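Data first, discussion second: the structure below is written as structure tokens.
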Amino acid sequence: MTAFIVVSMTAAITVGICCLIAYEIMRIIWEKLPKLTMQPRLRVPLLIGPIFLSHILSIWLYSLVYFGIENFTKIGAIVGQGKSVGLSYDTFLDCLYFSATTYTSLGFGDLTPTENIRMLAAAEVLNGLVLIAWTASFTYLAMEKFWPLPHGGYRRRSSDHPQ
Numbered sequence: 012m013t014a015f016i017v018v019s020m021t022a023a024i025t026v027g028i029c030c031l032i033a034y035e036i037m038r039i040i041w042e043k044l045p046k047l048t049m050q051p052r053l054r055v056p057l058l059i060g061p062i063f064l065s066h067i068l069s070i071w072l073y074s075l076v077y078f079g080i081e082n083f084t085k086i087g088a089i090v091g092q093g094k095s096v097g098l099s100y101d102t103f104l105d106c107l108y109f110s111a112t113t114y115t116s117l118g119f120g121d122l123t124p125t126e127n128i129r130m131l132a133a134a135e136v137l138n139g140l141v142l143i144a145w146t147a148s149f150t151y152l153a154m155e156k157f158w159p160l161p162h163g164g165y166r167r168r169s170s171d172h173p174q
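The numbering used here puts the last residue of the sequence shown at 174; the count rises by one with no breaks.
Structure (structure tokens):
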């Protein structure tokens with residue numbers, strides 16, 4: 012029961028940190044994008060890099076948590092054929108690979124979590140789905156605002172022109 016509580020708290024903290032990372036990156040983008048002195052069509056591709064970075068940071072954070080739990084506790088592990096064991100670079104790469112496939116909900120199944128660490132993996136899937144959807148929505152809104160129409164105008168939104 013104690014291990015479940017520890018993993019649940021770890022999952023909650025990790026989810027919170029990942030959400031804050033995504034929020035801050037999107038907030039900074041939204042603040043800086045209108046101030047850029049470049050063609051509006053070039054602004055939109057510039058937001059993809061930081062958004063991608065937010066997902067990469069989240070995947071790395073989860074992989075560090077998996078690596079820490081696997082190597083410094085008895086709460087659970089990631090197992091699979093050909094999985095490295097112990098404190099090594101290869102073990103971390105396995106955790107990174109597992110985290111990337113879990114975050115994107117791809118889950119090949121060649122590596123699987125055991126014991127209570129399964130709850131952390133479940134939280135990562137849900138967190139990844141929510142953050143991917145959130146950043147996709149943000150990208151759409153940015154494109155709608157900053158991507159000009161072919162005739163040189165911009166899309167009008169009712170919120171842009173109050174009556």
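Even for Gly, the Cβ is constructed at its ideal location relative to N, Cα and C. Note that this is a predicted model, so its numbers are computed, not measured.
I'd like to confirm the pairing. Which residues does DSSP put opposite residue i in its beta bridges?
i	result
V90	T123
Classify residue i as helix, strand or coil using the three-state DSSP reduction.
i	result
S99	coil
G118	coil
T146	helix
Roughly how many whole angstroms lie between the Cα atoms of residue i and residue j?
i	j	result
E31	T146	According to the sequence as given, residue 31 is Leu; it is not Glu. So the alpha carbons of these two residues sit roughly 13 Å apart.
L44	G60	13 Å
A111	F15	23 Å
G79	T13	17 Å
R175	G118	With the chain represented from 12 up to 174, any question about residue 175 goes unanswered, as that position is not in the structure.
V76	L64	18 Å
F120	Y108	Looking at the sequence provided, one finds Gly at residue 120 rather than Phe. Distance between the alpha carbons of G120 and Y108 is about 11 Å.
F83	E155	47 Å
C29	A132	14 Å
F149	K46	18 Å
T25	V17	12 Å
K94	I39	39 Å
V96	T102	6 Å
Among the options, which residue has its Cα nearest to the Cα of residue i?
i	options	result
L152	T25, L58, K46	L58
S69	F157, A144, N138, S116	N138
E81	F157, L104, W41, D121	L104
C106	W71, I36, G27, C29	W71
T113	K46, W158, E135, M37	E135
E35	W158, L142, F157	L142
F157	S99, V96, W41	W41
S116	Y100, L140, M37, D101	L140
H66	S99, V17, R129, M37	M37
S74	K85, Y100, I62	Y100
Report task. Could you say if the region 42-57 and the region 14-25 meet the contact criterion of at least three C-beta pairs nearer than 8 Å? Result -> no
Query - Inter-stretch contact at 8 Å, needing at least 3 Cβ pairs: the region 82-93 / the region 125-136 - result: yes
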